[in-house]
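K.L.:
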């Protein structure tokens, strides 16, 4: 998140320059922002490390580096590709909880008979 914000600030610089030192509410807001960014980055790193645990060589480290530099992009990719599209990172050997059944498709739902056309 830190790199993403730096790139955004470089591409779209602010018109006002804040030279006032951080005090009070500004300092607390900045500290909480840094804490949230660090937590999101740590989550992205942990997910990337776990998901690429069976990948060998330098590819594992490249994925983790990408997740560390762009955590929000990596987490959106993970959400879409791994969770919504149901592409698991690896086939688990032991699953303590059963996997939920997929939602029924429209073909499996009962369909009402069509009404007869009056002549």
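Residue numbers (my numbering): -2 to 116.
Ideal placement from N, C-alpha and C gives every residue a C-beta, glycine not left out.
Predicted, not measured: the structure shown is a model, and the values here were computed from it.
1) In or out: residue 61 buried (at least 16 other Cβ within 10 Å) or exposed?
2) Can you give the Cα-Cα distance for residue 47 and residue -2, rounded to whole angstroms?
3) In the structure shown, what three-state DSSP assignment does residue 31 receive?
4) CB residue 64 to CB residue 35, shorter than 7 Å?
5) Straight-line CA distance for residue 23 to residue 31?
6) If you scan the segment 40 to 74 from start to end, which runs of the alpha helix (DSSP H) of 4 or more residues do you find wholly inside it?
7) In whole angstroms, what is the alpha-carbon distance linking residue 2 and residue 38?
8) I'd like the list of long-range same chain contacts for residue 86, defined as Cβ closer than 6 Å, with 5 residues on each side in sequence excluded.
9) Would you tell me roughly how many angstroms separate the C-alpha atoms of residue 80 and residue 116, rounded to the nearest one?
10) Could you have a look at residue 26 and say whether DSSP puts it in helix, strand or coil?
11) What's the gap between the Cα of residue 58 and the Cα of residue 66?
P.N.:
Working from what's here:
1) It counts as buried.
2) Just so you know, the alpha carbons of residue 47 and residue -2 end up roughly 20 Å apart.
3) Residue 31 falls in the helix class under three-state DSSP.
4) no
5) 12 Å
6) 55 to 66 and 68 to 74
7) 13 Å
8) 48
9) Going by the C-alpha atoms only, they are around 52 Å apart.
10) helix
11) 12 Å
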